[in-house]
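Working notes for the structure below.
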Amino acid sequence: MSQIIKDEQLQPESAVEPRQKALFGMSLDELRELMVSLGQKPYRATQIAEALYHQRVTSLDEITVLPASLRAELTAAGYTLGLPEIVQTARSVDGTERYLIRLADGEAVETVWMPDGDGGERGDGSEASAEEEAAEGLEGNASEFTTGELAAPKRDLRNQGALAESGYRRATICISSQVGCAVNCQFCLTAKLGIRRNLTGGEIAGQVAAVLSRHGIRMGKDRINLVFMGMGEPFLNYVQFIRSVEVLVKHIGIPESRMTVSTSGIEPAIRRFAAEPLRPKLALSLNASNDTVREQIMPITRKWKIAQLLDAVKTLPLGKREWITFEYVLLGGINDQPEHAREVLDLLKGIKSKVNLIVWNPGPGIAYTQPKPEDVAAFQKLLIDAGMPTYIRRPRGRDIYAACGQLKRTVSEEPQVVTIR
Ligand code: SAH
Ligand code: SF4
């Protein structure tokens, strides 16, 4: 059994913060303060924000509305845009793209782009708001999404963005919140990296900006969903995670109703999250139906038991059409039997929930086996028959190691990666 993570790593504020003066990620107030401190008029802040978040410039020199002297002053004071940069791309046969994104200090994280042409992934944690789906005629019960293809509703394609022009209804971007992860779930490849550092809010939001730019996405025209499900545990980088949400909502223009954050279960952070004014949807990585199994596969369970996590989750003030998503990675012979499904139902009684079953994605050096397809089907059926909306997450980008839990910095280990850029 691997060593449980240290207490100080469990503090949501714990941080190995990078020291950098990055403009990207700053709020309008912070930019104003900066301008005033440099003896500039506050409206310069608005110009910088416009350039950073709407024009998505990639260097200070491109902000030509600023006087050259101001740009020089910013540079001399050590300010950079601090935008993460896509340095490597791998494309899957299913359209998924995985990016290696380099940060200012040379560390790297992975970000995934999942264009979705069939509208059938409502259950994967990347859902658009239920209201929007209802408006489009995409509402349905769980089994519709897992047993059959949905006909695409007729849509007016005039005035659509780059995404719709390429035939996609929406896309989901999966972003990382830390370089590596301290939580050490036994089935996850990211865990093998250990924790290297937290990302800043700007670096988290910057992944989105980099990917949107790559695909020529204009906000307001294309529907973009976000999932905080890449490398790292967002709730162990809580402050910067919330900062990124603010930038993404207020500046980039992605509503929080189209964002889902997944946590392995940091109890105090869940309670804090429940009180946030700007709050993505929550997904909890339950992954086991009792503490004994969960402790084996997620040692963090020694710190917070399932019951404590569920109590914390119950404090979330859910919107009328909001549910808590419970992710459940199915590991062959470990947590995939009918008795486990029945235990899950018992646990989730009284919580407005839906369940996302994720077939475990194998990775080198991890000694689990995939569940049998018939066990997956039986598990889902048992939950659905009891009235629990239950989806099986479609594995995306498995051939490029972009699927769940397969994000790991693998540049040198993967000669088959295709560099497109
Ligand atoms: N740290 C957060 C978010 C990132 S992991 C969390 O754990 O929730 C996102 C999801 O991928 C989690 O539900 C996790 O349980 C799942 N996951 C991790 N490794 C996996 C693997 N090898 N196969 C399938 N799912 C995996
Ligand atoms: Fe970290 Fe999530 Fe992987 Fe667990 S599953 S090690 S919390 S990234």
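Residue 147 in my numbering sits at position 145 of the sequence shown, and the numbers go up by one each step. We put the CB at the ideal spot given by N, CA and C, even for glycine. Being a predicted model, the structure only gives us computed values, none of them experimental.
Sub-8 Å separation of residue i and residue j beta-carbons
| i | j | result |
| --- | --- | --- |
| residue 25 | residue 83 | yes |
| residue 178 | residue 234 | yes |
| residue 278 | residue 310 | no |
| residue 65 | residue 50 | yes |
| residue 272 | residue 228 | no |
| residue 118 | residue 173 | yes |
| residue 352 | residue 306 | no |
| residue 195 | residue 111 | no |
| residue 363 | residue 397 | yes |
| residue 114 | residue 176 | yes |
| residue 62 | residue 40 | no |
| residue 68 | residue 48 | no |
| residue 395 | residue 368 | no |
| residue 99 | residue 181 | no |
Own chain residues within Cβ distance below 8 Å of residue i, not counting five before or after
| i | result |
| --- | --- |
| residue 164 | 217, 218, 219, 220, 223, 224 |
| residue 340 | 380, 381, 384 |
| residue 354 | 320, 324, 325, 326 |
| residue 58 | 211, 214, 215 |
| residue 317 | 272, 273, 276 |
| residue 131 | Here the model assigns residue 131 a pLDDT of 41, short of 50, so the residue's position is not dependable and the matter cannot be decided. |
Identified DSSP bridge partners for residue i
| i | result |
| --- | --- |
| residue 116 | 174 |
| residue 240 | DSSP, once it has assigned bridges, lists no residue as partnering residue 240. |
| residue 109 | Bridge partners of residue 109: none, in fact. |
| residue 328 | 286, 357 |
| residue 100 | 92, 114 |
| residue 87 | 104 |
| residue 24 | 82 |
| residue 393 | 358 |
| residue 228 | 175, 261 |
| residue 181 | 199 |
| residue 221 | 224 |
Same chain only: Cβ atoms within 7 Å of residue i, ignoring 5 sequence neighbours per side
| i | result |
| --- | --- |
| residue 281 | 258, 275 |
| residue 314 | 269, 272, 273 |
| residue 86 | 103, 104, 105, 205, 208, 209, 212 |
| residue 133 | Because the pLDDT of residue 133 is 40, which lies under 50, any placement of that residue in the model is unreliable, and the number read from its coordinates should be weighed accordingly. Excluding residues within five positions, the ones whose Cβ falls inside 7 Å are 323. |
| residue 55 | 253, 254 |
| residue 97 | 117 |
| residue 45 | none |
| residue 33 | 47, 50, 51 |
| residue 401 | 94, 95 |
| residue 38 | 44 |
Sequence-distant residues of the same chain with beta carbon closer than 6 Å to residue i, five excluded per side
| i | result |
| --- | --- |
| residue 23 | 80, 81 |
| residue 243 | 179, 236 |
| residue 151 | Summary for residue 151: the model assigns pLDDT 26, below 50, so the residue's position carries little reliability; its value from the coordinates is reported in the next sentence. If we look at residue 151 and ignore the five residues flanking it on each side, it has no Cβ neighbours. |
| residue 356 | 325, 327, 391 |
| residue 285 | 127, 262, 264, 327, 329 |
| residue 295 | 337 |
| residue 298 | none |
message: Three Cβ pairs or more, each shorter than 8 Å: is that satisfied between the segment 343-356 and the segment 287-306?
response: Enough Cβ pairs lie closer than 8 Å, so yes.
task: Specify whether the segment 365-375 and the segment 319-335 touch according to this definition: at least 3 beta carbon pairs, one from each stretch, less than 8 Å apart.
output: The segment 365-375, when compared against the segment 319-335, does touch it at the 8 Å Cβ threshold.
field: Under 5 Å, CB to nearest heavy atom of ligand 2: contacting residues
entry: The answer, residue by residue, is 183, 185, 187, 190, 192, 193, 235, 266.
- prompt: Does the segment 205-215 touch the segment 258-272, meaning 3 or more C-beta pairs lie closer than 8 Å?
  reply: Touching, no, given that fewer than three Cβ pairs across the two stretches are closer than 8 Å.
field: At least 3 beta-carbon pairs within less than 8 Å: the segment 84-97 vs the segment 246-254
entry: Touching, no.
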